[in-house]
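Step one of this worksheet: look at the structure below.
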Amino acid sequence: MPIRLIYVLLFLLSISTFGQDKKEEIDISKTFSELKITKNDSLKAEKLINLYRQSIKQREGNNEIIEEALLVSEMIYYIDGIAKSYNRMGITARYDNDYTLSVNYHKRALTYYEKSTDTLSKVKCLNSLGVTYRKLNLEKEAFVHYFQALNLAERINSQRSIAIALNGIGNVFINTEEYDKALKYFKKGVEVEAKSQNERGQEYGFANIGEVYLSKKQYDSAHYYFKKSLILAKKNPRKEGVAIKYNLLGLLFQKEGNYTESIIYYQKAIPQLVKYNSLRYLSNTLINIGVNQIHTNKYKEALDNINQGLQTALNIKSKENIVLGYTALTQYYTQTNQFKHALESYKKATKYHDSIVNVSSQKSIISTQIEYETLKKDEQLKELARKNERSTEKAKTNLKVLLWGSLFSLLLIAILIFSLYLLRKNKMLELEKQNNEIQKHILQISELESLVKNNTNISLNVDSEKIKIYDLSKREIEVLELITNGFSNEEIAEKMFVSKNTVKTHIKNLYSKLDVRNRIQAMKKINS
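Straight run, no breaks: the sequence shown in the numbering used here ends on number 1482.
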């Protein structure tokens, strides 16, 4: 039977199966419409988030649902709801191969998880962010976030999250071709899953370990772990889980050069991949079947499968599979001596390979912009929260005013009267103080006039030894002499040919050395 006819039959089978399952599914659109008109609260936000998850499971993901969940959460400043909405949007963006947007959403989610007590959700977000960074070939950033997830998961003793983080770290080391380190973390992950008796987790871990051995060309070990993973996948069937293991075994036999056996396992994978619409794996499988057929000299079948797989890869924009497809075409055209076509395919493969590197670099460069947009959005939400808090406080204040208005008014009047009394008292004290100062100055002036009148010829013709003890400068002695003779600051400045400020400075220094406060005290101290 031609392979295309098989695919058509499998596709019809998948539609039939889907139709049977649909009986148990809910009406997403109807439920969404009913939820939209309900009161905005945290319960509504949670229901919307759960409805969005259900829509994904039913393969009719409606982005309007998660956007509505985010809007409701922002309006009431429900932190957990905002974080969960952004995290789900990040996962969706990753499935759509928009890794920059995925990073943006996950990082926004993290800023809100920092304020939340939902540590487990934060760990999941960190692991998701690690996956996205790994897809961007940004191993350093992926490594950092996986380790943060691991530390938090260990703190709350979430065994599943610990295992996910360990597997994530192992995958980073596969990307950097540090296979021994990758093996160490994958085996730790399997140990955790074994303690938790989580066979699905062990299935994933065994597959990862098998990939490490495949990369190290230790094919016997790879075969052993792929088989263990396949047994668990069959025991706990879930979507395309078994098909993925067949795909890995197909790749293993291809690497070993057993192309016939490789084709058998790749073809075993096709029914599930079609059923669950797993186009990325389906594309990879078809191309690799074509590669195997080139090696077995089945050129016509090889070209059909490679073209079909490549077209699928182009439709879903899977650059890794596009590169694989054009590389396979290069091999095909070279084998069939069509060197012009081989060169064209090689150029296309190189172009897409370079674009992966360029996109990764570009997305690394714009990480600063992502941070800026995240902070900007956060500030807007914080302002919304502040307004919400102010509105709530205002409502509470108004209620208190209504209940305690009379008492508050009386208290306010009493405070006002007391304030006026204190103000008046302070004014009186200030006036009294000023009056005392004036009287004091008048008294000083009278004493000075009396002293000048009774000592008209006072000068500093006293014992020089007596003056020396005060360490007065020549200028200060001159100023002191003029002071004792009753001259004002202006007159002293005139006689000494200096400015008033200079005279003031000399007087200040003079008072300091004599330890006095005014002229009278200075004159008394010198003449005592």
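Ideal placement from N, C-alpha and C gives every residue a C-beta, glycine not left out.
- Around the beta carbon of E1131, fewer than 16 other beta carbons lie within 10 angstroms, which makes this residue exposed.
- Rounded to whole angstroms, the Cβ separation of V1077 and L1106 is 5 Å, and the two are in contact under 8 Å.
- Linking Q1262 to K1254 through their CA atoms gives a straight-line distance of about 12 Å.
- With 16 or more other Cβ atoms inside 10 Å of its own Cβ, M1043 counts as buried.
- In the structure shown, E1014 adopts coil according to DSSP, grouped into three states.
- Counting only runs of at least 4 residues, the region 1420-1449 fully encloses the following alpha helix (DSSP H) elements, listed from N- to C-terminal order: 1428-1438.
- Classified as exposed, L997 has fewer than 16 neighbouring CB atoms from the shown chains inside 10 Å of its CB.
- The DSSP-derived three-state label of R1471 is coil.
- Straight-line spacing of the CA atoms in L1227 and N1242 works out to 14 Å.
- Cβ atoms of K1182 and F1160 come within 8 Å of each other, at about 5 Å.
- Taking a C-beta distance under 8 Å as the contact criterion, A1117 and V1146 qualify as a contact pair.
- The beta carbons of S1237 and T1266 sit closer together than 8 Å.
- K1142 counts as buried, since no fewer than 16 other beta carbons sit within 10 angstroms of its beta carbon.
- Runs of alpha helix (DSSP H) with 4 or more residues, each lying fully within the region 1265-1317, are found at 1273-1289, listed in chain order.
- With a beta-carbon spacing of about 15 Å, I1260 and Y1306 fall beyond the 8 Å limit used to define contacts.
- T1351 sits in a helix when the DSSP states are folded into three classes.
- Just so you know, the alpha carbons of P1191 and T1351 end up roughly 60 Å apart.
- In the assembly as shown, E1157 is a buried residue. Its beta-carbon has 16 or more other beta-carbons within 10 Å.
- Between S1039 and I1010, the gap from beta carbon to beta carbon reaches 8 Å or more.
- I1118 carries a helical assignment under DSSP once its states are collapsed to helix, strand and coil.
- Per DSSP, reduced to three states, the secondary structure at I991 is coil, with no helix or strand assignment.
- The Cβ atoms of N1129 and E1095 lie no closer than 8 Å to each other.
- In the DSSP annotation of this structure, the continuous segment of the alpha helix (DSSP H) that includes K1229 starts and ends at Y1213 to K1229.
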